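So the structure is just underneath, and the comments pick up after that.
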Amino acid sequence: MLAQVASLLHDDVLDDADTRRGIGSLNFVMGNKLAVLAGDFLLSRACVALASLKNTEVVSLLAKVVEHLVTGETMQMTTTSDQRCSMEYYMQKTYYKTASLISNSCKAIAILAGQTAEVAMLAFEYGKNLGLAFQLIDDVLDFTGTSASLGKGSLTDIRHGIVTAPILFAMEEFPQLRAVVDEGFEDPANVDLALEYLGKSRGIQRTKELAVEHANLAAAAIDSLPECDDEEVRKSRKALLDLTHRVITRTK
């Protein structure tokens, strides 16, 4: 949790964001310097907490997460035209920026609980696919917000020149959209044009469908866990399954 909040604080500084989930971001309220220091402080506290576990495998996993967060942000900031328009590149970046933290945290919990390597890998698969599903829906909501209408969202990503799944899917149907993407979105007219193409495409729907696929894979990982008669374990597994549904049906 500490590492996650730290990454969000740093992310908001890099994106020059003024809100986070509808609330003023720390960098907007208190300035970039304090936001960066706050993120650094939380990350250092996370490192202290990890060290106290005295488990080198878990420490290695979470160190990898920090590496992935930086790699994902770098991938987003330094893309070529071909990379920016690649679904494979986008999904890899999404894993690094969002799903790595969830997947490796789930795996770490299994390891700390003394579970087998097979269970630890199923936990990893659950977290990875849950994280990917979450981010895909986030990409949809950036365009729609709480409404089903296109353009009612914050449009934060596209205004920052970040190409996400809905636009990538729309580009498959309308290749001419790539010229707009390559030109960039500093001109509001290009944003409007991209939204026009997106509205004529199945970009939003296909993104939702891909999110459902990953949510189903996450649920399948839970269903593949060894059978257990313990009632508390059953409740926990049901909660994890319910979460896969909540991730793809959320509206904010």
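Under the working numbering, the letters of the sequence shown match residues 11 to 262, in that order. Note that the Cβ used here is the ideal one computed from N, Cα and C, for glycine as well. These figures come from a predicted structure and were not determined experimentally.
- If you check the CB distance, Ile147 and Leu71 do not come in under 9 Å.
- Within its own chain, the residues whose Cβ lies closer than 6 Å to the Cβ of Arg216, once the five positions on either side in sequence are excluded, are Phe179, listed in chain order.
- For Arg94, the number of other beta carbons within 10 angstroms of its own is at least 16, and it is reported as buried.
- For secondary structure counted as the alpha helix (DSSP H) over 4 or more consecutive residues, the segment 145-221 holds these complete runs in sequence order: 166-169, 175-183, 187-193, 198-210.
- Inter-residue distance for Ser115 and Asp202 is about 39 Å (C-alpha atoms, whole angstroms).
- Within its own chain, the residues whose Cβ lies closer than 6 Å to the Cβ of Leu250, once the five positions on either side in sequence are excluded, are Ile232, listed in chain order.
- Of the candidates Val191, Leu208, Thr174, Thr174 places its Cα closest to the Cα of Glu98.
- Residue state for Thr104 is assigned as helix, using DSSP reduced to three classes.
- Ala229 places its beta carbon 9 Å or farther from that of Thr259.
- The DSSP-derived three-state label of Arg260 is coil.
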